[in-house]
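Asker: If you read the sequence shown in the UniProt record's numbering, its first letter stands for residue 1, the second for the next number, and so on.
Where is the CB? At the ideal position from N, CA and C, for every residue including glycine.
Before I ask anything, here is the structure I am working with.
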Amino acid sequence: MSIFGGAWDYIVDPANWEGRTGIGARILEHLWYSLLAVALSAAVAVPLGAVIGHLRRGEVLVVGLVNALRSLPTLGLLTFLVLLLGLGLIPPILALVVLGIPPLLAGTYSGVANVDRTVVDAARAMGMTEWQVLSRVEAPNALPLMLGGLRNATLQIIATAAVAAYVNLGGLGRYIFDGLALRQYDRVLVGALLVTILALVVDGLLALAVWASVPGTGRLRRGTSAQEWADLAAARSPGRTANTPGGNLGAGSGPGCSTDSR
């Protein structure tokens, strides 16, 4: 029997999906490691990238940090962390977090920094605080690039989370490392195929989220347009009114809101 035939027979056998060491349990373990690493990466990279992008300063820091983290070999970093911290869940998660930070940081920074300055200036002219500008104007407009960074980080982490089995943890990497140790190369192929399929499925779901966040293609609203904010800022000026796609704006009106002129 060929390696491919043996791998196919193993995957389609219902008995191999049952129990704590079955395929279903291994997939859940793999997803748990991946989602935990993505969440921790986002907790570090998104606020940092948003603040630096909002200030329009620190581009050299972002580029240098991203390039430095991308140059680190994941398996080598994992080995170093195991020697430093011992076996357990922490070393592989930290290694995956380091892998996930660069695309999230780059996507968030690029998205926020490239928001049209007209939008930002109009929001400030309305009297918005810097936090309101970031959270209500820049972040919604930066959403497509931020989701693109999340998509890249998630894909890389899922594809690399098999290294958790290197330190005797679970996940789909168990099939790869156990198969290599036992010279059961059909099991190695099983692990590789399942990791690939899982990564492609999750990537497809995130691709739909990115598509939905782009104006004109999906249901999610990206944020108020530059013209709406400019019209609103003009309407806030004494004695002036401006038209928006939603109607006439007077003092105290919001983007897209209309007031009846009598």
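On the criterion of 16 or more Cβ atoms from any shown chain inside 10 Å, does G64 qualify as buried, or is it exposed?
Answerer: It counts as exposed.
Asker: Could you give the residue range of the alpha helix (DSSP H) that holds Y10?
Answerer: From DSSP, the alpha helix (DSSP H) with Y10 extends over 3–12.
Asker: Quick one, which of L104, G88, A159, A142 has its alpha-carbon nearest V119's?
Answerer: The residue with the shortest Cα to Cα distance from V119 is A142.
Asker: If you run the structure through DSSP and keep just helix, strand and coil, what is N152?
Answerer: Note: N152 maps to helix in three-state DSSP.
Asker: Around the Cβ of G49, are there at least 16 other Cβ atoms within 10 angstroms (buried) or fewer (exposed)?
Answerer: Flag for G49 reads buried.
Asker: Output yes or no for whether 8 Å exceeds the beta carbon distance between V163 and P47.
Answerer: No. Outside cutoff.
Asker: Please state whether the Cβ-Cβ distance between V202 and T154 is less than 8 Å.
Answerer: Contact: yes.
Asker: I3 and L189 - do their beta-carbons sit closer together than 8 Å?
Answerer: Contact flag set, yes.
Asker: Taking the C-alpha atoms as reference points, what is the distance between A209 and S135?
Answerer: Straight-line Cα distance between these residues: approximately 20 Å.
Asker: Could you tell me how far apart the beta carbons of L81 and L94 are, in whole angstroms, since I believe they sit closer than 8 Å?
Answerer: The pair is a contact, with the Cβ atoms about 6 Å apart (cut-off 8 Å).
Asker: Can you list, in chain order, the residues of its chain with a C-beta nearer than 6 Å to that of S34? Leave out the 5 residues immediately preceding and following it.
Answerer: Within the same chain, S34 has close Cβ partners I157, I158, A161.
Asker: Flag this pair as touching only if the region 167–183 and the region 122–133 have three or more C-beta atom pairs under 8 Å; answer yes or no.
Answerer: They do not touch, by the three-pair rule.
Asker: Take L198 as the anchor and find which of E29, A139, A39 has the nearest alpha-carbon.
Answerer: Taking only the C-alpha atoms, the option nearest L198 is E29.
Asker: For the candidate residues W211, S41, V12, E138, whose alpha-carbon lies nearest to that of L55?
Answerer: For L55, the nearest C-alpha among the options comes from E138.
Asker: Does T118 come out as helix, strand or coil in the three-state DSSP assignment?
Answerer: T118 falls in the helix class under three-state DSSP.
Asker: Please name the residue in Y109, T74, L193 whose C-alpha comes closest to that of L147.
Answerer: For the residues Y109, T74, L193, the minimum Cα distance to L147 belongs to Y109.
Asker: Taking the alpha helix (DSSP H) that R187 falls in, what are its first and last residues?
Answerer: Per DSSP, R187 belongs to the alpha helix (DSSP H) from 185–213.
Asker: Between the alpha carbons of R221 and G5, how many angstroms are there, rounded?
Answerer: The predicted position of R221 is uncertain, since its pLDDT is 48 and thus under 50; a value taken from the coordinates is nonetheless stated next. The straight-line gap from Cα to Cα measures roughly 48 Å.
Asker: Whole angstroms is fine: what's the gap from residue 331's alpha carbon to S213's?
Answerer: Lying before the first or after the last residue shown, residue 331 is absent from the chain, which here runs from 1 to 262.
Asker: What number of angstroms, rounded off, separates the C-alpha of R57 from the C-alpha of G107?
Answerer: Taking the straight line from one Cα to the other gives about 15 Å.
Asker: Kindly provide the ranges of any alpha helix (DSSP H) runs that are 4 or more residues long and lie completely inside the region 36–113, ordered along the chain.
Answerer: Listed in chain order, they are 59–70, 74–85, 90–113.
Asker: Which whole-angstrom value describes the C-beta separation of R26 and L169, a residue pair presumed to lie in contact below a C-beta threshold of 8 Å?
Answerer: With 8 Å as the limit, R26 and L169 do not qualify as a contact, their Cβ atoms being about 11 Å apart.
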